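Trainee:
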Amino acid sequence: MSDAVAAPDLLSWSCPAPLRGRPRVVMGHGGGGALSAELIEQAVLPGLGGAAPGALTDSAVVELDGARLAFSTDSFVVRPLFFPGGSIGDLAVNGTVNDLAMSGARAAYLSCGLILEEGVEIETVGRVAEALGAAARTAGVRVVTGDTKVVEAGHGDGVYVNTSGIGVVPAGVDLRPERVVPGDVVLVSGAIGVHGVAIMSERENLRFETEVESDCAPLGGLVEAMLAVTSDLHVLRDPTRGGLAASLNEIAVASGCGVVVRERAVPVPQPVAGACAMLGLDPMYVANEGKLVAFVPREHADAVLAAMRAHHLGADAAVIGEAVAEHPGMVVARTGLGGTRVVDLPMGEQLPRIC
Amino acid sequence: MCLAVPGRVLGVEERDGTRMATVDFGGVVKEVCLEYLPDLRVGEYAIVHVGFALQRLDEESARRTLELFENLGMLQEEFGDPWEQAARFGDEEPAREAGR
Amino acid sequence: MKYIEEFQDPKLAGRLLDDIRATVTRPWALMEVCGGQTHSIIRHGIDQLLPEEVELIHGPGCPVCVTPLEVIDKALAIASRPEVIFCSFGDMLRVPGTGRDLFQVRGEGGDVRVVYSPLDALRIAEENPDREVVFFGIGFETTAPPNAMTVHQARRRGIRNFSLLVSHVRVPPAIEAIMQSPDCRVQGFLAAGHVCSVMGTREYPALAERFRVPIVVTGFEPLDILEGVRRTVRQLERGEHTVDNAYPRAVRPEGNPAARAMLDDVFEVADRAWRGIGVIPDSGWRLAERYRDHDAEHRFQVGDIATLEPAECRSGEVLQGLLKPHECEAFGTACTPRTPLGATMVSSEGACAAYYLYRRLELDVTVPQREESSVV
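Chains as they are written, first to last, in the UniProt record's numbering: chain A, 1 to 355; chain B, 1 to 100; chain C, 1 to 376.
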């Protein structure tokens, strides 16, 4: 204990910050922002001997005996397990289904791995499984293989779920951020920030009441409706952790284009705005689980928007901005007053602030 | 410093000897401590910071401030047509140039 | 949201801007004291809309930015102890101490929790009687009364395992220190609205008179900030220097008497060090002697921790408006929000982070574009 309060070693002392060389994982490494990217680059990829092309996106497109398959995996560690509008079961199915959909593929088969904590009620496991099954039926995907492990009490949050999935990418569909060019129109499929606010409302020490429910939903059908207009969509992303800001930044960097967002055009529901005002968060950085952002060639934008609005998961779809040749790699918001600001990649987890 | 937002009081109660309120922030309802504004009533607005109501929001004053802004151009006729200038701040393409 | 959206109206913003443009005849340097105002200015792009003559200097009103390294190191030492649950506002977790931050302490097994309200920390203490619960009490006059309430209630309700690590600071001594700096460029102040919601406006006329500088109490929405600027510029152009209240819906001259009484009971005025500026006499609060039992510095004997500020970081000059962030050699190279040298780059309200976020677009500062991998 005396070690803990010893004075810092002033001889080896240097400037206070550069924390990039953190010796241990911190929560921010899982936030989907800059820290996550650094962790993968610096600690994971070297061991794997580098990444295959496209391997770092939500889902990889691979060729196998002439077929183009989208392949994706995702792990789910949400707390609480059940939240307004969904549960870890819904997330586990829809998360992977949506990752495949962002490659243009309709999910065909899923695997499901459960990691259970010693002591968790069997009834809870049953409820998670029921939610998984129901979500799979809604998404039109079959769970065909699985695995279960148990860890000691205190080594897990009750239930962790991993799902992997595969689906066929239709001919002529090639969704990659590298295809984005200046002039592309940026569309979002509906109101942002809903899932993140629903989860936060249940978090210990933040707890607030709201009618907002998670938007967790499978996006395969919406994507099919969009591809029916034209197979020439440039890129799709589901803005989960890190929110719209993280997805737009990823696309801006990978495409070498700038992105301009008209802030007033971004659909933010009243309770999301209220929760963000109260906690000092920016809706652009709050997670979604049933929304997508699309970069579409200008000539197809109106038709794609109409197709999105005709689908029940895209009823509130909107044009929010465009890709530009200026400020490559950077996302810039035009504010309601006519000013501009840079929308940076989030660092790590979003925290309520007081100032 | 000091992220504080206006919220509307929905209900007031005593808990553990502490005066608390439920306060609505645009559809989000949160428990707020009223110890520093004990006479705040249901329906009133307060400025809330880290779970504490710190000052009553004077709705009449807010209205007067907005009215003052509305009338600014009118009082400044010698500096040009205020309506024309206002039009440059339409919703769709706010006048970025206006500041330069 | 009511009383927020109305004060973001673009048409009325145009009216205010027109009035400022019509009034201003020469350059003026105004300082917005509060980090929340800086945030709003950047968030809405307000500084780009103002006429060139009006320069906004981002002041030292971000509690995260000005909390000295030494206090952070004390927090890290306390939070590392196995018996401690260390509670903090989210802002403080990212602020680097010497080599570590609170995130890292958590990664090493420390029990560090983010709370929305200090009362949440008190509740955690009640629910965990066998643990020591410490709340990191930072902030200006706005945050001090809520933090004071926890100590008051802990005493009243006999919650002995609760203590406060206090690093509270006050605005008026900071204004005084800035005005006394020989290189001071500030000609008018936008005073921090929510500080005045608590403290009222009585501390400011003497400062306005002594330094012959207008002080306008200003709110946080875009129209509030423009109105603060408008009234300050108007005074400057007329050669006036009075205290004016441009945020009357939330600020009364007497402030909040109940909150002020609690501050007087729980705290006593003390010298405080400000990160990047140094010690300013009477510029903060410490727990009053009779609440010593709830003082974390006393309870955990961290008084011997002493840390010097780094020489590389020039945030002190930035906070005083003597140096623009991008004029610092380290800006955008050695010092970015991801690798901050000092607190002004850590907090999103910090002047350097604000510049990094917006100004690199406008100033064409060459910032190395890191290759982001596309992991989501």
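Just so it is clear, CB atoms sit at the ideal spot from N, CA and C, and this is done for glycine as well. Source: prediction; values computed, not measured.
1) Please look up how many angstroms separate the CB atoms of residue 136(A) and residue 142(A), rounded, as I've assumed it's under 8 Å.
2) Can you list, in chain order, the residues of its chain with a C-beta nearer than 7 Å to that of residue 90(C)? Leave out the 5 residues immediately preceding and following it.
3) By alpha-carbon positions, which one of 256(A), 147(A), 187(A) and 350(A) ends up nearest to residue 237(A)?
4) Leaving out five residues before and five after residue 177(C) in sequence, what residues of the same chain have Cβ atoms less than 6 Å from its Cβ?
5) Checking the sheet assignment: what are the DSSP bridge partners for residue 144(A)?
6) Near residue 316(A), what residues of its chain come up, given a Cβ to Cβ distance below 7 Å and the 5 sequence neighbours on each side ignored?
7) Do we get a CB-CB distance below 9 Å when we pair residue 28(B) with the residues of chain A?
8) Does the beta-carbon of residue 322(A) have 16 or more other beta-carbons within 10 angstroms, so that it is buried, or is it exposed?
9) Which of the three DSSP states is assigned to residue 8(B) in this structure?
10) Entirely within the stretch 71-145 of chain A and at least 3 residues each: give me those beta strand (DSSP E) ranges in chain order.
11) Quick one: what's residue 149(A) bridged to in DSSP?
12) Quick one: which residues of the stretch 45-62 of chain B get their C-beta closer than 9 Å to a C-beta of chain A? List them in chain order.
13) Check for me: the beta strand (DSSP E) holding residue 294(A) runs from which residue to which?
14) Quick check on residue 333(C): buried or exposed, where buried means 16 or more other Cβ atoms within 10 Å of its Cβ?
15) Give me the residue from 305(A), 66(A) and 40(A) with the minimum Cα distance to residue 223(A).
16) Please report the straight-line C-alpha distance between residue 11(A) and residue 68(C), rounded to a whole angstrom.
17) To the nearest angstrom, how far is it from the Cα of residue 95(C) to the Cα of residue 89(A)?
18) Please compile the residues from chain C whose C-beta is within a distance smaller than 7 Å of the C-beta of residue 65(A).
19) Start and end of the alpha helix (DSSP H) containing residue 209(C)?
20) Is it true that the stretch 59-76 of chain B meets the stretch 31-41 of chain B, where meeting means three or more beta-carbon pairs spaced less than 8 Å apart?
21) Could you spell out the range, first to last residue, of the beta strand (DSSP E) harbouring residue 281(C)?
22) Roughly how many whole angstroms lie between the Cα atoms of residue 130(A) and residue 166(A)?
23) To which residues of the same chain is residue 8(A) closer than 6 Å at the C-beta, ignoring the five residues directly before and after it?
24) Using a 10 Å radius around the Cβ and a threshold of 16 neighbouring Cβ atoms, would you call residue 187(C) buried or exposed?
25) Please say whether residue 269(C) and residue 285(C) have beta carbons closer to each other than 9 Å?
26) From the DSSP output, read off the bridge partner residues of residue 91(C).
27) Exposed or buried, residue 269(A), counting other C-beta atoms within 10 Å across all chains shown (16 or more means buried)?
28) Under a three-way DSSP split, which group does residue 229(C) fall into?
29) Could you tell me which of 266(C), 291(C) and 183(C) sits nearest to residue 160(C), measuring between CA atoms?
30) Can you say whether residue 39(C) is buried or exposed, counting buried as having 16 or more other CB atoms within 10 angstroms of its CB?
31) Counting only beta-carbon atoms, is residue 22(B) nearer than 9 Å to chain C?
32) Can you give me the C-alpha to C-alpha distance between residue 308(C) and residue 316(C), rounded to a whole angstrom?
33) Does the beta-carbon distance from residue 15(C) to residue 61(B) come in below 9 Å?
34) Where does residue 215(C) fall in DSSP's three states?
35) Could you list which residues in chain C have their beta carbon closer than 7 Å to that of residue 42(B), in chain order?
36) Output the distance between the C-alpha atoms of residue 289(C) and residue 58(C), rounded to the nearest integer angstrom.
Mentor: With the given structure in hand:
1) 7 Å
2) 114
3) 187(A)
4) 280
5) According to DSSP, which records beta bridges pairwise, residue 144(A) is partnered with nothing at all.
6) 190, 191 and 267
7) yes
8) buried
9) strand
10) 106-117
11) 115(A)
12) 48, 49 and 50
13) 293-296
14) exposed
15) 305(A)
16) Confidence at residue 11(A) is low in this model, with a pLDDT of 24, below 50, so its placement is unreliable and the value that follows should be read with caution. Computed Cα separation, rounded: 19 Å.
17) 36 Å
18) Per Cβ cutoff of 7 Å: no residues; residue 65(A) is ~27 Å from chain C at best.
19) 204-211
20) no
21) 278-287
22) 22 Å
23) With a pLDDT of only 25 at residue 8(A), under 50, the local geometry of the prediction cannot be trusted, and no value is derived from it.
24) buried
25) yes
26) For residue 91(C), which the question treats as bridged, DSSP gives no partner whatsoever.
27) buried
28) helix
29) 291(C)
30) buried
31) no
32) 13 Å
33) no
34) strand
35) Those within 7 Å of residue 42(B) in chain C number zero; the least Cβ separation is about 16 Å.
36) 35 Å
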